[in-house]
Every structure is written in C-alpha cells, then in structure tokens.
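Chains as they are written, first to last, in this note's numbering: chain W, 304 to 418; chain U, 379 to 784; chain Y, 84 to 396; chain B, 63 to 216.
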Amino acid sequence: MRKVGKMLPLVMKMLIRKPATVMYPSVKPEMPEHFRGKLEFDASKCIGCKMCIRDCPSGALEIEKIGEKQFKAIVYLDRCIYCGQCTDSCPKKALKCTKCFELANYTRENLKVDI
Amino acid sequence: MGKILIPIGPQHPALKEPESFNILLEGERVAAANVTIGYNHRGIEKACESRTYIQDMYLIERICGICSHSHSTCFIQTVEEIAGLSIPKRASFIRTLIGELERVHSHLLWLGVAGHEIGFDTLFMYSWRDREFVMDILAMLTGNRVNYSVNTIGGVRRDISADQIQEVLKAVDILENRTEYYIQVAYEETTLISRLAGVGRLPEDVVMRLGATGPVARAAGVKKDVRRDDPYAAYADMEFNVITDDHADVLGRTIVRVKELMESYKIIRQLLNSIPDGPLIVKAPRKIPAGEAVTRYEAPRGEDVHYVKSNGTDMPERVKVRAPTLANLAAISYMLEGGYLADVPIVIAAIDPCFSCTDRMIKVSNMNSGEESILDWNGLRDYSIKWYREQGIELNNIKTFRGEVR
Amino acid sequence: MGTALFSILVFPGFIFLGLYSLIIEFVDRKLYARFQNRVGPPWFQPLADFIKLVSKETIIPCEADSRLFRILPAFALASASTAFLYIPVWGVKSLFPFEGDLIVVLYLLTIPTLTFFLAGWFSKSLYAEIGSIRTLTQLFACEVPLFMAFLGPAILTGTWSVSGVASYYNAHPLFALFNIPGLIVALIASQGKLERVPFDIPEAETEIVGGAFTEYSGRLLALFRMTIDIEMVVVSALIAAVFIPLFATSLPVLGFVLFLIKTLLVVFLLTIMRSVLARLRLEQMVNFFWKYMTPLALIQILIVLILKGVLAA
Amino acid sequence: MIDMEESLVKELTKKFVFLEGKCIITRERRISVEAPKKAFLDIIGYAASKLKFEQLCAITGLDAGENLEFIYHLANREGIMLNLKLTVSKANPEINTVTAVYNGAIFYERELEDLLGAKVAGLPREKHYPLPENWPEGQYPLRKDWKPDAVQQK
Chain W
304 MRKVGKMLPL
314 VMKMLIRKPA
324 TVMYPSVKPE
334 MPEHFRGKLE
344 FDASKCIGCK
354 MCIRDCPSGA
364 LEIEKIGEKQ
374 FKAIVYLDRC
384 IYCGQCTDSC
394 PKKALKCTKC
404 FELANYTREN
414 LKVDI
Chain U
379 MGKILIPIGP
389 QHPALKEPES
399 FNILLEGERV
409 AAANVTIGYN
419 HRGIEKACES
429 RTYIQDMYLI
439 ERICGICSHS
449 HSTCFIQTVE
459 EIAGLSIPKR
469 ASFIRTLIGE
479 LERVHSHLLW
489 LGVAGHEIGF
499 DTLFMYSWRD
509 REFVMDILAM
519 LTGNRVNYSV
529 NTIGGVRRDI
539 SADQIQEVLK
549 AVDILENRTE
559 YYIQVAYEET
569 TLISRLAGVG
579 RLPEDVVMRL
589 GATGPVARAA
599 GVKKDVRRDD
609 PYAAYADMEF
619 NVITDDHADV
629 LGRTIVRVKE
639 LMESYKIIRQ
649 LLNSIPDGPL
659 IVKAPRKIPA
669 GEAVTRYEAP
679 RGEDVHYVKS
689 NGTDMPERVK
699 VRAPTLANLA
709 AISYMLEGGY
719 LADVPIVIAA
729 IDPCFSCTDR
739 MIKVSNMNSG
749 EESILDWNGL
759 RDYSIKWYRE
769 QGIELNNIKT
779 FRGEVR
Chain Y
84 MGTALFSILV
94 FPGFIFLGLY
104 SLIIEFVDRK
114 LYARFQNRVG
124 PPWFQPLADF
134 IKLVSKETII
144 PCEADSRLFR
154 ILPAFALASA
164 STAFLYIPVW
174 GVKSLFPFEG
184 DLIVVLYLLT
194 IPTLTFFLAG
204 WFSKSLYAEI
214 GSIRTLTQLF
224 ACEVPLFMAF
234 LGPAILTGTW
244 SVSGVASYYN
254 AHPLFALFNI
264 PGLIVALIAS
274 QGKLERVPFD
284 IPEAETEIVG
294 GAFTEYSGRL
304 LALFRMTIDI
314 EMVVVSALIA
324 AVFIPLFATS
334 LPVLGFVLFL
344 IKTLLVVFLL
354 TIMRSVLARL
364 RLEQMVNFFW
374 KYMTPLALIQ
384 ILIVLILKGV
394 LAA
Chain B
63 MIDMEESLVK
73 ELTKKFVFLE
83 GKCIITRERR
93 ISVEAPKKAF
103 LDIIGYAASK
113 LKFEQLCAIT
123 GLDAGENLEF
133 IYHLANREGI
143 MLNLKLTVSK
153 ANPEINTVTA
163 VYNGAIFYER
173 ELEDLLGAKV
183 AGLPREKHYP
193 LPENWPEGQY
203 PLRKDWKPDA
213 VQQK
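See below:
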C-alpha cells in the first residue's frame with residue numbers, strides 16, 4: 304500500500320525525542336578499549352631490535368640509541384596510519400597504543416614527536 | 379534547444395569522490411553519458427610489490443574506507459592460500475562477523491546517500507544515525523571505526539568476549555527493528571517510489587553481458603553471491619538467503635540492500651551463537667613460498683577479486699585488485715542513457731560507487747623538489763592559468779560549452 | 084510622512100521584515116533538524132551566515148552581463164519586500180491597502196522567481212542555465228494553482244484587497260472552513276514557489292549544484308538568500324491573512340502576537356512537508372500541479388461560487 | 063568434491079585437444095589453463111558460451127621477465143573460477159580484445175594497455191585510463207624495470 308508521508312508519524316515523534324547528536328568537542332567521547340591512537344613508548348623495556356621499524360607500513364617510527372641499552376623513539380604523527388602493527392611486532396611490548404586521538408597541529412614539524 | 383554537454387564531476391555535490399561523468403543532454407533527457415575515472419590513483423598495486431606482506435596488509439586495508447575489511451580479508455585469504463595456512467575456526471568466525479557488520483554499516487550508509495541524492499534528507503539522517511550503532515559496535519570490537527586492522531596473516535588480532543557478544547546482540551536487535559521500518563518505507567512512501575522505480579534499468583541479460591556484480595546484479599534477478607557460490611571464511615556453515623529482486627531498477631537495488639541487512643543480522647546471530655573456542659592465530663612465515671592464488675570476496679558493493687603471485691621472498695611479486703565498482707562501472711552509461719538529468723545522481727549512487735577502490739594504481743610525486751609553498755588566491759589563479767596554458771588550453775578563448783558538441 | 088517612512092523602512096517594513104525573515108529561517112532550520120533527530124543551528128546562525136556572505140568576495144563571471152548580474156538581486160529583494168506592505172501584520176488592515184492589492188502582491192511575488200531565471204540565464208554557466216530553465220518551468224506549473232487558490236476566497240468577499248478579504252473572514256469566521264481545499268493548494272503551491280523539497284528541483288544541489296545561483300557569491304548571493312527568506316515570510320503571512328484571518332483583534336500587540344503565531348504555524352506545516360518527502364522530478368512536478376493541484380483549486384472556486392449563489396439567494 | 067571441475071576440464075580438452083595436460087585443477091573451484099595465443103579467442107569464446115563461464119572477473123597482467131603474462135579470471139554461476147593464462151613476448155605484446163565476448167572488459171583491457179604496455183587489438187583508442195592524460199609515452203609502471211623516478215612532473 305502506498306502513501307505519501309509515510310514517515311510523518313516518526314518525524315513528529317522526533318520533536319519530543321532528544322537529538323542523537325554527539326556534542327563533540329564540548330562533550331568528550333570515551334574511546335573504546337582497543338582504540339589505536341598515539342603511540343606510547345616504554346624506554347625501559349626496549350632492547351633496540353627494531354622489529355617495529357621493519358614492520359611499520361609507513362616508515363613512521365625511528366628508534367635512536369642514546370646510550371648503553373638506552374633508546375628513544377620518534378614517531379611521525381603525519382605518517383603513522385595507526386594500525387598498531389608495531390605493538391604486535393615488539394617482542395618486549397615496549398610500544399603501546401593510547402586513546403589519544405586529538406593530534407592535529409599547525410605545522411608539520413610539530414608532528415614529529417619523541418614518545 | 380540544442381544538446382548541452384554537462385560535466386558532472388570531477389568535483390560535484392552529488393559525488394563523494396572525484397570521478398567525471400560527461401552527460402550529453404537533450405532538454406532534461408540524457409542522450410549519452412561518458413565515464414572518466416582515474417583521479418584517485420595512488421599506486422597501491424605497484425607499492426605492494428616493494429613492501430612486505432605485513433606492510434601490504436595495512437596498505438590494502440586502506441584501498442577503501444568503507445569496505446576496508448573486505449579488501450584486507452580478500453588479500454589475506456589469498457596469501458594464506460599460497461602459504462597453505464588454515465586459520466583457526468574462531469578466527470574465521472571473527473573475520474566473518476566483522477565482515478557482516480561492515481556490510482550492515484555500508485548498506486546503511488548507502489541508504490542515507492541514496493536518500494540524500496533524491497533530496498530525502500530525513501531518510502539520510504535517520505539511516506546514518508542508526509549506522510552509528512554498528513559503528514560503535516565495530517569500534518568496541520576492533521578499536522577503530524573505519525580501518526579495523528583486525529586481520530593478520532594466519533588469523534585475527536582481536537578476540538571477542540562474552541560481554542561483547544551480548545552488546546552486539548543487543549545492537550543487532552535495535553538495528554533489526556529499524557531496518558524493518560526502512561523496508562516498509564521503501565515499499566510504501568510514494569515520493570520515494572516515484573523517484574526510484576523505473577530509473578536506471580539494467581535487465582538481467584545486460585547484467586550478464588556487462589558483468590555487473592553485487593546488489594546491482596541481484597536486483598535484476600541474477601542469483602550471484604560469492605558467499606554462497608564460492609564460500610570463504612565461515613560462510614559455508616551459515617544459513618542465509620541470497621536476496622534477489624525483479625525490479626531491475628534503483629528501487630530493486632534499494633530493496634535488495636535493505637533486505638540483505640536482515641540476512642546479515644541473521645548471519646551475525648548465528649555466528650555469535652555458535653562461535654567456537656580456540657586459538658586466534660596460527661604462526662605465519664615471513665617469507666611466503668612461491669605460488670599464486672586468486673580469491674573472491676563478497677564485499678558490500680559486489681564481488682571483490684584479489685590475485686597475488688609470490689616469489690618466495692617476503693614481498694609479493696604481483697598484487698592485483700579488482701574492486702566491485704570497476705565491474706559495475708561499465709553498466710553506468712547503459713543505465714544513464716535515456717533517463718533524466720535528475721536521475722543521474724541516484725543512478726550513479728545506486729551502484730554504490732567507491733572510486734577509491736577502483737582507482738588505486740600509480741601515482742608519481744615530484745620527488746626532486748620537495749619544496750612547499752603557500753599560494754594566495756591570485757597565486758593559485760595564476761598557477762592554474764599557467765598550468766592550463768601548458769596543457770594547450772587558453773582560458774580566455776574558451777566560450778561556453780554550448781553549440782560545440784555535434 | 085515621517086510615520087509612513089518609519090513604517091516602510093523600520094516597522095513593520097524593511098528592517099522588521101529582514102529580521103523576521105532570519106528568525107523564520109532559523110525556525111525552519113531548527114525544526115527541520117529536530118525532525119531529523121539532530122540538534123540544529125544556534126539562534127544566530129542565519130544572521131551569521133548573512134554576515135559571512137556579505138563579508139566575502141563577490142565573483143562575477145567574465146561571460147556574464149555584469150550590470151544585470153549585480154542589479155538582479157536588489158530587484159528581487161525590493162519586490163519581495165514591497166509585497167509585504169500590503170499584508171496585514173496586526174488586525175486586518177495592512178499599511179497601505181487599496182482595492183486590488185491581492186493581485187499586486189501575487190505579481191510582486193512572481194518577480195523574484197523571474198529574476199532567479201534571469202540571474203541564472205545571464206550567468207552563462209551550464210548549471211545555472213539548466214537551473215533557470217527549471218525555475219521557469221516550475222513557475223508556469225505552480226503559479227496557476229497558487230493564483231487560483233488565493234482568488235477563490237476573494238471571490239466570496241467581493242473585494243480584491245488582502246485587507247478586505249481578511250476583514251470579511253474575520254467577520255464571518257465559519258466561511259473560512261469552505262476554503263480548506265484552497266488552503267491545501269496554497270500550502271503545496273507555495274512550497275513549490277519557495278523551491279523547497281519536494282519541489283526544490285531548480286536548485287537541486289545533487290544534480291545541478293546551485294541551480295540558478297551557481298555563479299553567485301558574496302553580497303549578491305546574500306541578497307538572493309534574503310529574498311528567499313522574505314518571500315517565505317510574505318507567503319506565510321499571506322496564507323495566514325487570507326485563509327486563517329480568525330480572532331483578529333484591534334489591540335496591536337495582541338494582533339501582532341497572533342500574526343507571529345499564524346505565520347509560524349504555516350512555516351511549521353511547510354517544514355513538515357519538506358522533511359517527509361523526497362524531491363520530485365521536473366516532469367513529475369509539472370504533472371502533479373496540473374493533474375491534481377489545478378483541479379483542486381478549480382473545485383475551490385466552484386465551492387465559493389456556489390456558496391456565493393446560495394448567499395445571494 | 064571436484065567432479066564438476068573435472069568434467070569441465072574433460073569437456074574443454076575434448077574440444078581443444080592441444081590443451082591436454084595444460085589444465086590444472088589447483089584447488090576446489092579453481093581451474094588453471096595455459097592457453098596458446100593463436101587459439102585464445104576460440105577458447106575463451108567456447109568457455110563463455112558452452113561452458114557457461116558467463117562472467118569475466120578480472121584480467122591480471124604480469125611482468126614475467128621476457129614475457130608478459132595475462133590471466134583472464136572467468137567465473138560461472140556455480141562459483142568455479144577458470145584462470146586462462148596467455149603469454150606474449152614483451153617485444154611484441156599484442157593481444158586481441160575480448161570485448162566481443164565480455165562487453166564489460168573494456169576497463170580491464172585499457173588498464174593493461176596503460177600499465178603494462180600491452181597492445182590490445184580491436185580496442186578503441188580513447189583517453190588514458192587509469193593514468194593521467196599527460197603521462198609520457200612508453201612508460202609502463204607495472205613492468206618490473208620501471209622506477210617511479212622515470213617520470214618527472216614538468
């Protein structure tokens with residue numbers, strides 16, 4: 304059976320319903336448990352094997368030796384595709400994904416960060 | 379009034395991605411249509427050849443933003459076939475689950491886009507609102523909303539817990555309720571039907587001749603579904619119907635898609651109720667033995683075909699991707715010709731085109747001069763005039779397009 | 084002279100009309116959003132949009148006739164605002180009523196649509212030309228039932244002035260019930276006149292980008308946008324005056340509140356129509372107006388004529 | 063399990079005797095056939111009309127050293143896939159169009175022309191696809207000896 308304005312009852316009901324809009328950014332959303340955001344590096348666990356660099360699809364990671372068994376990680380936020388493969392590849396689990404996702408910046412230089 | 383050549387695209391409000399349709403108009407009628415694609419070339423197939431399989435996995439996933447899981451699963455299945463890996467049952471169930479959830483989100487997205495193309499924004503807003511349920515579910519299961527990265531060679535990366543199963547079932551109940559309503563709308567709302575029925579007809583014999591796939595083919599009554607014909611992952615154990623329709627027009631495609639949603643809910647319930655315990659992953663070698671394989675996958679938009687040839691190293695010799703839109707593209711001109719200009723957007727939208735998938739091969743950037751400069755308005759204008767002049771086009775000489783055609 | 088100038092320029096003339104049209108646009112957009120389960124724009128959004136457009140660069144295509152391109156928006160705005168002067172804002176009397184102003188108002192309302200056509204045609208752009216042809220086709224389809232719908236009630240009253248019609252029905256409120264078919268036609272046809280869904284064919288953005296306004300930008304576009312908003316106020320006020328002129332009082336404040344309620348009611352109905360329907364095709368729209376709306380308007384006139392005969396007898 | 067595949071192979075080798083031994087059932091629902099160039103159109107036409115491989119899924123082009131290899135992936139409604147392989151030398155990379163059999167193959171074949179430098183006889187010469195219009199002649203990106211820096215933006 305055809306009718307014009309089939310959705311009219313539902314549309315009228317919406318007047319009293321709360322809008323479905325998520326009020327981002329005034330209300331911050333809670334990220335899911337497995338969210339793959341900005342990387343986090345635990346320098347004490349790193350053994351400098353560079354497995355993460357080998358598997359990174361976009362060349363976003365750099366591991367630098369800064370001393371005896373001391374490493375620091377540099378990540379290019381503009382290259383990173385947030386796949387989280389490095390966290391899987393790392394044999395010591397020195398890399399971890401955080402829930403941080405608000406990473407926009409004005410210049411490209413600022414997107415190269417030590418983590 | 380004579381014939382007018384009207385360009386739709388590369389940039390146009392009806393198109394979500396750059397592609398170009400040159401429509402030759404006689405009044406409001408389309409006399410001829412010509413498709414140009416290739417604006418989105420990123421060189422993925424070539425790039426795959428110089429990356430390892432693990433890196434390719436993520437590159438392939440980014441072929442498309444909507445059917446990312448389809449491409450990634452199709453590619454990984456092919457690699458697994460060459461390597462002779464058989465993945466654990468639980469992993470194949472999770473892959474199938476994500477695949478079906480992706481189909482739900484893609485079809486709901488399509489319903490919204492279709493509504494928008496015919497000026498029915500309320501339908502657009504409602505279906506996208508409901509799509510948020512499945513997006514939230516996907517984010518909960520995999521971490522992210524779009525690129526799930528749940529596949530890995532030899533299995534999956536994320537497990538699903540008992541609580542999550544309950545959450546998914548709850549969301550599926552809500553979505554099923556809403557989808558029933560959309561089916562009613564598709565069958566009853568007069569203005570919707572009058573805009574969709576009889577538009578963009580593509581009868582069965584033309585479907586076969588031009589090789590259209592997916593909902594476009596099924597809407598013409600062609601019972602073609604890779605999930606049934608060439609089962610992969612866990613589909614061999616699932617019970618579902620292949621939805622077909624005999625309208626063979628945009629209305630048929632709408633009905634096929636909304637009814638397919640109901641089948642997807644059915645599959646999701648079966649998957650969740652019978653998911654076996656066990657490991658998630660088998661150890662995969664880094665170097666894949668030499669060989670070749672081709673796999674088909676029923677993506678939301680139709681059949682996705684991946685071919686991989688390996689040469690015994692950790693990088694593939696050749697990767698070939700045939701995205702569903704490329705198969706349906708040949709039918710576009712047929713569907714557009716003889717129709718109205720007003721129907722052009724909805725006919726194009728009805729194949730659910732995904733040009734990121736379709737254009738993916740070669741891109742050359744200027745490697746030598748990495749310099750970047752910011753141009754102001756006049757600078758941009760001068761640059762464009764200079765660019766066109768180099769192409770042999772003098773902008774000042776261009777008169778209107780009218781009268782120059784035929 | 085001073086008060087007349089004040090009435091024309093400030094209240095209830097141009098400035099009030101401009102502000103009220105922004106409010107009407109806000110109400111329309113907010114309601115539309117709420118119907119779609121969205122939050123919608125904040126109250127100042129139409130004003131902000133207007134200021135933004137005014138402050139932007141105006142680009143005129145080389146191909147276009149520059150003088151005509153500039154003058155048309157002002158022309159459209161002037162005629163739409165002038166039409167408002169003959170519509171009662173409070174009570175049943177408009178500012179400068181004269182016999183026959185109903186016809187003048189309807190003609191003044193046709194002028195903006197014509198300027199849209201001219202603006203599109205002289206933009207010399209493909210989309211704009213197609214849009215302007217569609218505008219003209221739609222004009223021919225929906226103007227006839229619109230005129231007939233408004234003339235029906237006027238026949239009964241024996242006057243061609245909006246104020247006269249309004250005061251007649253205010254005196255005989257029950258007769259307004261006979262005009263319901265006309266009210267339906269007027270609502271639907273004015274939706275077509277205002278180029279809103281399901282009749283937004285001339286500016287269907289997914290098909291022909293911006294329709295006749297494709298090449299317009301900046302200040303000139305702002306004037307056109309304003310014209311459309313003002314048209315909406317005028318049309319809803321006209322429908323309110325002719326079809327629902329009930330409960331008019333001589334108290335200006337109360338009458339003014341009543342005017343707001345009535346126009347907002349009309350806007351509410353128009354917004355519902357736009358949220359539950361899909362856009363029609365050009366030929367479907369033409370069919371619809373000639374097949375259903377024009378006969379319905381004829382029936383309305385017939386009813387009125389019979390009623391008039393009965394009353395005279 | 064693979065009865066249907068075997069009967070298809072039998073039917074194919076009955077019609078084209080020289081294909082004996084060149085048809086391999088690689089796995090369930092996959093048949094791979096190495097077709098000689100001169101009989102290629104006959105074979106693909108026979109597969110499409112008589113063996114009911116109604117759908118051309120894709121055409122893969124490969125750079126195999128001295129030769130170019132083209133794989134035509136055909137499928138029927140039972141889900142069986144027939145991979146027809148055609149090898150031509152790089153020196154004379156000429157193949158015939160299959161658009162007469164599969165009308166929708168036009169994009170696949172233009173891709174071969176642009177990316178691998180195949181000469182598809184019978185394909186109307188149109189604009190570049192998928193490469194841009196100003197792409198230099200003789201640059202075929204999917205060939206193994208091609209490097210991205212071979213092409214520079216002007």
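Glycine is no exception: its CB is placed at the ideal position from the N, C-alpha and C atoms.
DSSP places K396 (chain W) outside any alpha helix (DSSP H), giving it a letter other than H or E. Leaving aside the five residues that flank I384 (chain U) on each side, the residues in its chain whose CB is nearer than 6 angstroms to its CB run, in chain order, I401, L403. The DSSP assignment places complete alpha helix (DSSP H) segments of no fewer than 4 residues inside the region 147-193 of chain Y at 149-167, in order along the chain. Assigned with DSSP and collapsed to three states, V122 (chain Y) falls in coil, not helix or strand. Close to chain Y, meaning a Cβ-Cβ distance shorter than 9 angstroms, are the following residues of the region 489-517 of chain U: G493, H494, E495, I496, G497, F498, D499, T500, L501, F502, M503, Y504, R507. In the DSSP assignment, the residues bridged to K368 (chain W) are W:F374. Around the beta carbon of K331 (chain W), fewer than 16 other beta carbons lie within 10 angstroms, which makes this residue exposed. Here the alpha carbons of A668 (chain U) and N689 (chain U) stand approximately 4 angstroms from one another. Per DSSP, reduced to three states, the secondary structure at A137 (chain B) is strand. Within the region 314-328 of chain W, contact with chain Y at the beta-carbon level (separation under 7 angstroms) is assigned to V314, M317, L318, R320, P322, A323, T324. As a beta-bridge residue in DSSP terms, P694 (chain U) pairs with U:S688. The region 691-702 of chain U and the region 638-651 of chain U do not touch, with fewer than 3 CB-CB distances between them shorter than 8 angstroms. Residue state for V512 (chain U) is assigned as helix, using DSSP reduced to three classes.
Just measuring C-alpha positions, the residue of B:F80, B:I93, B:E195, B:T149 sitting nearest D65 (chain B) is B:I93.
Of all residues in the region 273-301 of chain Y, none places a beta-carbon less than 7 angstroms from a beta-carbon of chain W. Against chain U, the CB of R364 (chain Y) has a partner CB under 8 angstroms away; the residue lies at that interface. Per DSSP, T410 (chain W) lies in no beta strand (DSSP E) and is assigned neither H nor E. A straight line joining the alpha-carbon of L306 (chain Y) with that of E108 (chain Y) spans about 14 angstroms. The Cβ atoms of L311 (chain W) and V359 (chain Y) sit closer than 8 angstroms to each other.
Within the same chain, and ignoring the five residues on either side of L658 (chain U) in sequence, the residues whose Cβ sits closer than 7 angstroms to its Cβ are P466, R468, A469, G533, V534, D537. Counting C-beta atoms within 10 angstroms of its own C-beta, D381 (chain W) has fewer than 16 neighbours from the protein chains shown and is therefore classed as exposed. Measuring C-alpha to C-alpha distances from V604 (chain U) to each of B:A110, B:T75, B:N138 identifies B:N138 as the nearest. For the region 374-391 of chain W, the beta-carbon criterion of a distance under 9 angstroms to any beta-carbon of chain U is satisfied by I384, Y385, C386, G387, Q388, D391.
DSSP lists U:D682 as the beta-bridge partner residues of Y675 (chain U). At least one beta carbon of chain U lies nearer than 8 angstroms to the beta carbon of G166 (chain B). In chain order, G308, L311, V314, M315 make up the part of chain W whose C-beta sits under 9 angstroms from the C-beta of I355 (chain Y). Within the region 248-314 of chain Y, the complete alpha helix (DSSP H) segments at least 4 residues long are 263-276, 288-291, listed from N- to C-terminus.
Under the Cβ distance rule, T703 (chain U) does not count among the residues neighbouring chain Y, no pair being separated by less than 8 angstroms. The region 345-358 of chain W and the region 313-333 of chain W do not touch, with fewer than three beta-carbon pairs separated by less than 8 angstroms.
Taken through DSSP and simplified to helix, strand or coil, L334 (chain Y) comes out as coil.
For M231 (chain Y), the uninterrupted alpha helix (DSSP H) segment begins and ends at 209-240. Listed along chain U are T430, I432, Q433, each with a C-beta nearer than 8 angstroms to that of D358 (chain W). I543 (chain U) carries a helical assignment under DSSP once its states are collapsed to helix, strand and coil. Proximity to T474 (chain U) across U:H494, U:L714, U:I724, U:N529 peaks at U:N529, based on C-alpha coordinates. Shown here, C352 (chain W) sits in coil according to DSSP, grouped into three states, outside any helix or strand.
When secondary structure is reduced to three states using DSSP, I422 (chain U) falls in the helix class.
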